[in-house]
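Peer 1: Input: one structure, supplied below.
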Amino acid sequence: MGTRTEPVGDGAGLTTGAVARRLGVAPTTLRSWDQRYGIGPAAHVGGKHRRWREPDIAVLARMCALTSTGLPPAEAARIARTSATTERADRTPSPAGRPGAAPEGGRRRGGGTGLQLADVRQECRGLARAALRLDADSVDDLLASAIADHGLVTAWNEVIVPTLMAVGRKWESVGERYIEVEHLLSWHVSSALRRTHAAPSPVRAGPPVLLACVPGEGHTLPLEALAAALMERDLPVRMFGAALPFEALDGAVRRMGPAAVVLWAQSRTTASRPLAQHVAGMRWGVRGARRAPLVLTAGPGWAGPHVPGTVRPLGLEEALVVLGSIR
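Take the sequence shown: its position 56, counted from the start at 1, is 56 in this note's numbering, and no numbers get skipped.
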């Protein structure tokens, strides 16, 4: 498609896979855009391997932004190529040494559909773009790559959480317009976390860690991340998910005798100090050798005065350290 072949060193550009992760587009989509619309790299290595330079990636980013608004790919490609040509002309010095003037009226940047992401990993931007397009396959691929490349804890803290927060800010600022983006992203994050421990592995003997959202609390993703990280470490886990009623929590603790109980509360309206104190005061076993669980009050809902008899970890890593220390 008019692509020239020239020798390019390894440091002269990015591979198709790297660009796909950066922009939140499946590699097959990039190849299709190259074949169908001529949106491809300016150079190949040895006539075969693609290497994308920053001007090539800028055209791709523009096309991604346009298609995310619903514009047909063919039209988006035409506009992206035209914009790139115009921008290069604008940067070309005039005979007097001044940059060329911008077209009358200027050009509008994206139509306000992007997410506000500050100083974050490139993977966040790619994941956000894929979520905005409701591109489920790309979201799955990007989540799997982030976890494989960085490990679950880093992927959660530095890729998944910033993207989820940006999506949440987006739909809160514009009403209900983007709530479907948050739902899709949350679902696929949950699926990705479960896939990290889909393959059975030997689990250490001993009492389990019980994970539950407090009554009335429906935000489970942080607890799912903790469950996945504990299972990666082959620790026995019992995950009870959202809004576990008090009676059910009490019964589960008494039946299982867990080594620890993690109570997640996203909101102060759901965090119950009496509930946490009740669980921290539970005992079982024969007289003289009774045991009690270590209780972790996790989540922003527990901000404020410390609940006596409990530990409040500040984040996923700290929770893992605390729970690892009781083994």
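For each residue, glycine too, the CB sits at the ideal point set by N, CA and C.
1. How long is the line joining the alpha carbons of A136 and A76, rounded to whole angstroms?
2. Thinking just about the alpha-carbon of each residue, which of L152, L249, R21, A18 is nearest to the one in V209?
3. Among the candidates D56, L221, S190, whose CA atom is the shortest distance from the CA of D140?
4. Hey, is the segment 287-298 in contact with the segment 237-249, meaning 3+ C-beta pairs nearer than 8 Å?
5. Using only the alpha-carbon positions, how far apart do R238 and H197 sit?
6. Identify whether A76 lies in helix, strand or coil by the three-state DSSP scheme.
7. Which residues in the same chain have their Cβ closer than 7 Å to the Cβ of P313, if we skip the five residues on either side of it in sequence?
8. Can you check whether the CB of V153 is closer than 9 Å to the CB of L316?
9. May I ask you to list the residues that DSSP assigns as paired with T297?
10. Are the CB atoms of V159 and A144 nearer to each other than 9 Å?
11. Can you list, in chain order, the residues of its chain with a C-beta nearer than 6 Å to that of G17? Leave out the 5 residues immediately preceding and following it.
12. Does the distance from the CB of Q277 to the CB of V311 come in under 9 Å?
13. I'd like the span of the alpha helix (DSSP H) that includes A192, first residue to last.
14. Can you check whether the CB of G126 is closer than 9 Å to the CB of V59?
Peer 2: According to the structure data:
1. Whole-angstrom Cα-Cα distance: 21 Å.
2. L249
3. S190
4. no
5. 14 Å
6. helix
7. L296, A298, A319, V322
8. yes
9. L263
10. no
11. P27
12. Going by C-beta atoms, Q277 is not nearer than 9 Å to V311.
13. 179-195
14. no
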